[in-house]
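Trainee: Just dropping this structure here.
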Ligand SMILES: [Fe+2]
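In the numbering used here, the protein residues as written are 11 to 378.
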């Protein structure tokens with residue numbers, strides 16, 4: 011167990027980060043069915059597709075209209091869509107797609123057949139916690155799963171940086187953060203089907219894990235610090251999706267462009283501590299967060315999982331404080347459902363209170 015130290019959160023001293031065993035924290039899957047090698051895309055449902063297209067265009071994604079009610083969005087490097095949006099009478103995340111090598115896909119196929127989940131030759135759709143669909147696709151191209159590592163462009167003498175304000179050059183869908191009423195169960199589910207490795211686990215003073223950063227198991231190949239994050243919440247939902255840009259500079263150019271187009275800024279530009287990325291968060295027309303990032307920490311599968319105390323301080327090393335508006339509060343209309351979940355035991359009130367108290371500790375005493 012980590013020794014919690016509130017004074018660290020208001021000082022220049024770096025928080026503790028120590029190796030840990032995920033099994034000790036209740037984060038081990040009962041079995042490993044398959045290993046994914048890439049996060050491919052997310053599936054959204056949106057009331058207004060035109061507004062969504064305007065946002066994604068300014069964010070750096072190009073649209074392809076498949077029908078009146080179905081659009082897909084691409085970045086400049088990909089033949090595969092990174093986002094799929096279907097028209098609906100509500101806004102929500104409907105699913106995630108991960109790619110698996112041919113041999114891993116066969117393992118997943120066998121596991122799916124044993125529990126009567128149907129599959130096609132190239133895809134398996136598994137019901138996931140929070141009424142999501144986890145889609146597994148066959149991907150025989152090994153290089154497909156390799157993370158890019160953006161670096162600042164280098165120029166020689168008499169060469170100018172001629173880039174001007176424009177949408178960020180997006181290179182890939184990097185990670186998704188999900189809110190969960192039961193993060194331990196959600197982590198066990200995604201570890202079971204995708205073979206993910208906990209990189210960093212944030213715990214409360216009681217030792218309860220509340221934010222779990224999971225990375226792909228690519229063996230000796232370096233994988234991004236996190237591809238999926240599960241965070242304790244009062245509801246199951248979507249926190250944000252993050253897209254890697256071609257360079258550090260592209261985060262800044264995109265920031266100016268989104269600002270110029272009048273979109274709502276959420277948080278940044280800053281540097282994450284857990285993950286190490288340069289980040290910038292924006293809200294789409296539905297109020298969901300979308301992040302540009304560059305320069306993530308990467309790890310091979312051998313690197314041990316680490317534990318750190320849950321705090322706002324440990325989310326970033328520099329930049330403005332995380333705004334309180336970022337996480338949001340339950341709506342009045344959500345309160346009956348929350349109370350029902352607490353009564354049924356689906357939601358742990360003590361954990362929520364403890365998390366709320368930890369989140370209230372100001373991260374930087376010199377930032378007002
Ligand atoms: Fe993120």
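Beta carbons: idealized from backbone N, C-alpha and C, even for Gly.
Please name the residue, chosen from 310, 32, 204, that lies closest to residue 135 on a Cα-to-Cα basis.
Mentor: Ranking 310, 32, 204 by Cα distance to residue 135 puts 204 first.
Trainee: Taking the Cβ atom as the reference point for each residue, do residue 189 and residue 120 lie within a distance shorter than 8 Å?
Mentor: Against a cut-off of 8 Å, the Cβ pair of residue 120 and residue 189 comes out as no contact.
Trainee: Using a threshold of 8 Å, state whether the C-beta atoms of residue 6 and residue 305 are closer than that.
Mentor: One cannot answer for residue 6 here, as it falls past the ends of the chain, which runs 11 to 378.
Trainee: Any idea what DSSP makes of residue 29, helix, strand or coil?
Mentor: Strand, per DSSP.
Trainee: With a threshold of 7 Å (Cβ to nearest heavy atom), would residue 93 be considered close to ligand 1?
Mentor: Flag unset: Cβ of residue 93 not near ligand 1.
Trainee: Taking the C-alpha atoms as reference points, what is the distance between residue 133 and residue 355?
Mentor: Rounded to whole angstroms, residue 133 to residue 355 spans 35 Å at the Cα level.
Trainee: Would you mind working out which of 61, 166, 219, 53 sits nearest residue 10, comparing C-alpha positions?
Mentor: There is no way to answer for residue 10, as the model of the chain reaches only from 11 to 378.
Trainee: Quick one, which of 128, 285, 219, 191 has its alpha-carbon nearest residue 184's?
Mentor: Selected option, being the one with the closest Cα: 285.
Trainee: Could you give the DSSP three-state label for residue 320: helix, strand or coil?
Mentor: Note: residue 320 maps to coil in three-state DSSP.
Trainee: Grouping DSSP H, G and I as helix and E and B as strand, with all else coil, what is residue 360?
Mentor: Residue 360: helix per DSSP, three-state reduction.
Trainee: Pairs of beta-carbons, one from the stretch 287-295 and one from the stretch 79-96, closer than 8 Å: are there three or more?
Mentor: Touching, no.
Trainee: With a floor of 4 residues, list each alpha helix (DSSP H) that falls wholly inside the stretch 103-129, ordered by position along the chain.
Mentor: Counting only runs of 4 or more, we get 112-124.
Trainee: Pull the bridge partners of residue 190 from the DSSP assignment, please.
Mentor: For residue 190, which the question treats as bridged, DSSP gives the partners 242.
Trainee: At a Cβ threshold of 8 Å, is residue 310 touching chain B?
Mentor: In summary, chain B is missing from the structure at hand, where a single protein chain is found.
Trainee: Secondary structure at residue 354, three-state DSSP: helix, strand or coil?
Mentor: Of the three classes helix, strand and coil, the one that applies to residue 354 here is helix, per DSSP.
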